[in-house]
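Last residue of the sequence shown: 1173 in the working numbering, with the numbers rising by one and none dropped. Please read the structure below before turning to the comments.
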Amino acid sequence: MLKSFFARPIGRALRRGVRNLGGIELRPYQQECIDTVLDRLNFQRRAAISLPTGSGKTVVFSKLVSLVDPLPEQGPKTLILTNRRELCYQTAHTLQAMYPNMKVALEIGTKRFEDQRSAEVCVASVASISRDNRLEQFTPSDFKMIIIDEAHHTAAATYKKVLDYFGVNKPDCNIYLVGFSATFFRHDARPLDGYFDDVFYHRQVQSMIESGHLCRAQVTNVKAFGGGLLGAEKIRGENHVLKSDEGIELVVSLWKEHSNYKSTVIFTMDIDQADRLVARFREDGVDCRGVHGNMRSAERDLVISDFKQQKFPIIVNCGILTEGTDIPCIDQIILARPIASIGLAMQMIGRGLRVFPGKDHCHVIQFIELTNYSGPTDLSPILAGKEPRTVGSDAEIGENTLPPGETAAIKDIELEHHVDYSINDIFTAKYKPKSPRESPLSWIFHQKRWYLFGPPSQPYHFRVVQKKSRQTDEPVWTCQQGYKIPIKGKQFKVWKYLDKFETKELKSAIQATEQLAENSWGRDALVYLSKHALWRGLPPTPKQLQLLQRDKSFQVIQELCPKLNRGTATTLINFKILNYNLNPGLIRAAT
583 MLKSFFARPI GRALRRGVRN LGGIELRPYQ QECIDTVLDR LNFQRRAAIS LPTGSGKTVV
643 FSKLVSLVDP LPEQGPKTLI LTNRRELCYQ TAHTLQAMYP NMKVALEIGT KRFEDQRSAE
703 VCVASVASIS RDNRLEQFTP SDFKMIIIDE AHHTAAATYK KVLDYFGVNK PDCNIYLVGF
763 SATFFRHDAR PLDGYFDDVF YHRQVQSMIE SGHLCRAQVT NVKAFGGGLL GAEKIRGENH
823 VLKSDEGIEL VVSLWKEHSN YKSTVIFTMD IDQADRLVAR FREDGVDCRG VHGNMRSAER
883 DLVISDFKQQ KFPIIVNCGI LTEGTDIPCI DQIILARPIA SIGLAMQMIG RGLRVFPGKD
943 HCHVIQFIEL TNYSGPTDLS PILAGKEPRT VGSDAEIGEN TLPPGETAAI KDIELEHHVD
1003 YSINDIFTAK YKPKSPRESP LSWIFHQKRW YLFGPPSQPY HFRVVQKKSR QTDEPVWTCQ
1063 QGYKIPIKGK QFKVWKYLDK FETKELKSAI QATEQLAENS WGRDALVYLS KHALWRGLPP
1123 TPKQLQLLQR DKSFQVIQEL CPKLNRGTAT TLINFKILNY NLNPGLIRAA T
């Protein structure tokens, strides 16, 4: 089993508050995390550790390598799995800095563990180790522990292949599994509790900011639709609004307005957008460089190294700097791409939260039309996935099913040129929607019922109503799925509603319904359904006008909506689909 932590000389040193081990001084919460993990590993074998970006996860798990003893019949080696080449080398560098005499092997690319079998630690790229027959180099009984960095990826097939080979999910396995992540929940809602016993330790971003271990984040929310400023319809794809000439110009203009920041990272959706932004900045004489997956690794490493040394002010990134990048000087982030998950936003914004001399805060620019943190916005670790329980299961959805979390509060302030700004501390605000009116999605309300329609391609919608519980006869909020069924002998269809789940509070019903919508329609659909989606500010389509012109209330619509846009037209048509008459009250509610 484990050596008694406080019985060892190293343990006594920590207990006296001396945290300088291996040349790196532990922060108080890092020591607390290590103490907690060592204690819990005496009783459980598979640990999840939730620490924010910038908290020094690599230092913590590097300490564990030396402090955890092997269980019976296991060797002394440790395998560390990472999902990126840069993380492999960063982890190996940290280990060798802390323990100069430790032999560290790499399993990545042409580097093979079998050529370095005497090594005490192997740092492996999961993409490399899971490929071909490379796992056959490893003898599971030689290893005391497997550590996974960015462990929210654990449910992926490549990780499963490695973990199954070592047998860590078997009850009689004597290999410890310790996973570290800043965002311990998956965007696809796939559960992680099949891999980890419990979250042994969790540290909130806000507490890290308050203790001075992370800096503040200030957010500028840009509303870029309307007035023809960004008049594109597609949210994703080749014709994305931020890939248009106008979109490129807008990003460049925003940077110029905030050029007092020294080190800016721009996140983009693809290489084409990244290259065009780099070219446009250079046209204006701004030293801007890009990094993406198609570059040679040596070239990419040089660009990142120069940026880290502040040799140039802007780096445009496509798919490289999202995870595991340690560049403390970053003081501004521009999210020039859709963000449909609080976890993804957390990873990107976390790049700029590290403390750096002279840095008071990190400034974040995001386009609120493209930012939609849907479903549970809790930043606490979630291992069990996010699928809501259905009616009739052992436990109903209650207030604790979707616990409160932290995210940015969006309060728009009208400015000229159809660009709205608000600056808030992103991690100090609480997102606790008490009704659909506080949701970022475009719910519609009528006759004490809330409706959420999907994109036009979806044949059904969701409805939240208050009714008596099937189980307790008490009033509850019920999520229903609505779809049309034909009536025998009739030429029309009627709406049929199927109960999906029930909960005591409206806010829980709304959050769970939005998660159900994401699971059913996909995250891209929720970006489309945002109240601030770009398409909503465009003129109505000819088909929409044709449908509304047939309605007897069309003259009233013209009077009450002299500047009718596509979003309002969609809401009015949805009311008609629900067989509601378009009276003045409904028309005003749709605007």
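Every residue gets a Cβ at the ideal spot worked out from N, C-alpha and C, and that includes glycine.
Do P895 and S835 have their C-beta atoms within less than 8 Å of each other? Translated into the one-based positions of the sequence shown, residue 895 becomes position 313. Translated into the one-based positions of the sequence shown, residue 835 becomes position 253. No, these two residues do not count as a Cβ contact at 8 Å.
Using 10 angstroms around the beta-carbon of G761, count the other beta-carbons present and answer buried if the total reaches 16, otherwise exposed. In the sequence shown, residue 761 corresponds to position 179, counting from 1. The residue in question, G761, is buried, as its Cβ has 16 or more Cβ neighbours within 10 Å.
Identify whether M727 lies in helix, strand or coil by the three-state DSSP scheme. Within the sequence shown, residue 727 is the residue found at index 145, counting from 1. Correct three-state label for M727: strand.
Just to confirm before moving on: does the CB-CB distance between L1154 and H1028 stay below 8 Å? Your numbering for residue 1154 matches position 572 in the sequence shown. Your numbering for residue 1028 matches position 446 in the sequence shown. No, they are not a contact pair.
G1167 - containing alpha helix (DSSP H), residue span: Locating residue 1167 in the sequence shown gives position 585, counting from the first residue. It spans 1166-1172 - the alpha helix (DSSP H) in which G1167 sits, taken as one unbroken run.
If you run the structure through DSSP and keep just helix, strand and coil, what is H735? Position 153 of the sequence shown, counted from the first residue, corresponds to residue 735. Here H735 sits in helix by DSSP.
Helix, strand or coil for D1081, going by three-state DSSP, please let me know. The residue you call residue 1081 lines up with position 499 of the sequence shown. Strand, per DSSP.
Start-to-end residues for the beta strand (DSSP E) that takes in D621: Translated into positions along the sequence shown, residue 621 becomes position 39. Where D621 is concerned, there is no enclosing beta strand (DSSP E), although the alpha helix (DSSP H) it sits in stretches over 610-622.
Residue burial classification, R1031 (beta-carbon count within 10 angstroms, cutoff 16): If you number the sequence shown from 1, residue 1031 lands on position 449. Looking at its Cβ environment, which holds fewer than 16 other Cβ atoms inside 10 Å, R1031 is exposed.
Below 8 Å CB to CB, which residues in the same chain sit around N1163 once its five sequence neighbours on both sides are set aside? Within the sequence shown, residue 1163 is the residue found at index 581, counting from 1. The residues are S1135.
Tell me, which residues are paired with F762 by DSSP? Translated into positions along the sequence shown, residue 762 becomes position 180. DSSP, once it has assigned bridges, lists I631 as partnering F762.
Reduced DSSP secondary structure (H/G/I, E/B, other) of H675: Numbered from 1 along the sequence shown, position 93 holds the residue referred to as residue 675. Three-state result, H675: helix.
Leaving aside the five residues before and after R1150 along the sequence, list all residues of the same chain whose C-beta is less than 7 Å from its C-beta, in chain order. Taking the first residue of the sequence shown as position 1, residue 1150 is located at position 568. First, the residue type needs correcting, since residue 1150 is Thr and not Arg in the sequence shown. Cβ neighbours of T1150 beyond the five flanking positions: C1143, A1172, T1173.
Three Cβ pairs or more, each shorter than 8 Å: is that satisfied between the segment 630-637 and the segment 782-801? yes
Length of the line joining the Cα atoms of N1156 and I757: In the sequence shown, residue 1156 corresponds to position 574, counting from 1. In the sequence shown, residue 757 corresponds to position 175, counting from 1. The straight-line gap from Cα to Cα measures roughly 56 Å.
Cα-Cα separation between E1020 and G872, rounded to whole angstroms: Sequence index remark: in the sequence shown, residue 1020 carries index 438 (1-based). Sequence index remark: in the sequence shown, residue 872 carries index 290 (1-based). Taking the straight line from one Cα to the other gives about 37 Å.
Who are the Cβ neighbours of P1124 in its own chain at under 8 Å, not counting the five residues just before and after it? On the sequence shown, position 542 is the one that residue 1124 refers to. Closer than 8 Å at the Cβ level, and outside the excluded window around P1124, lies no residue.
Quick check on Q1128: buried or exposed, where buried means 16 or more other Cβ atoms within 10 Å of its Cβ? Residue numbering aside, residue 1128 sits at position 546 when the sequence shown is read from its first letter. Q1128 is exposed by the Cβ-count criterion.
For the alpha helix (DSSP H) containing F889, name the first residue and the last one. Here the question's residue 889 lines up with position 307 in the sequence shown. 879-890 is the span of the alpha helix (DSSP H), which, as asked, contains F889.
Taking the CB atoms as reference points, tell me whether L661 and V708 lie closer together than 8 Å. What you label residue 661 is simply residue 79 of the sequence shown in a count that begins at 1. What you label residue 708 is simply residue 126 of the sequence shown in a count that begins at 1. No, these two residues do not count as a Cβ contact at 8 Å.
Taking just the CA atoms, how far does H874 sit from R667? Numbered from 1 along the sequence shown, position 85 holds the residue referred to as residue 667. Numbered from 1 along the sequence shown, position 292 holds the residue referred to as residue 874. If you take the alpha carbons of R667 and H874, they lie about 13 Å apart.
Nearest-angstrom Cα distance between D852 and A861? Counting from 1 along the sequence shown, the entry for residue 852 is found at position 270. Counting from 1 along the sequence shown, the entry for residue 861 is found at position 279. Roughly 15 Å between the two C-alpha positions.
Three-state class that DSSP yields for A706 in the structure shown: Here residue 706 corresponds to residue number 124 of the sequence shown, with the count starting at 1. Correct three-state label for A706: strand.
Cutoff 8 Å; reference K685; Cβ partners in own chain excluding five residues on either side: Your numbering for residue 685 matches position 103 in the sequence shown. Hits under 8 Å: Q698, S700, A701, E702, V703.
When you compare the CB of P1124 with every CB in chain C, is at least one pair closer than 8 Å? Of the protein chains in this structure there is only one, and it is not chain C.
What does a CB cutoff of less than 6 Å around Q855 pick up in its chain, not counting 5 residues either side in sequence? Within the sequence shown, numbered from 1, the residue matching residue 855 stands at position 273. Here the set comprises K825.
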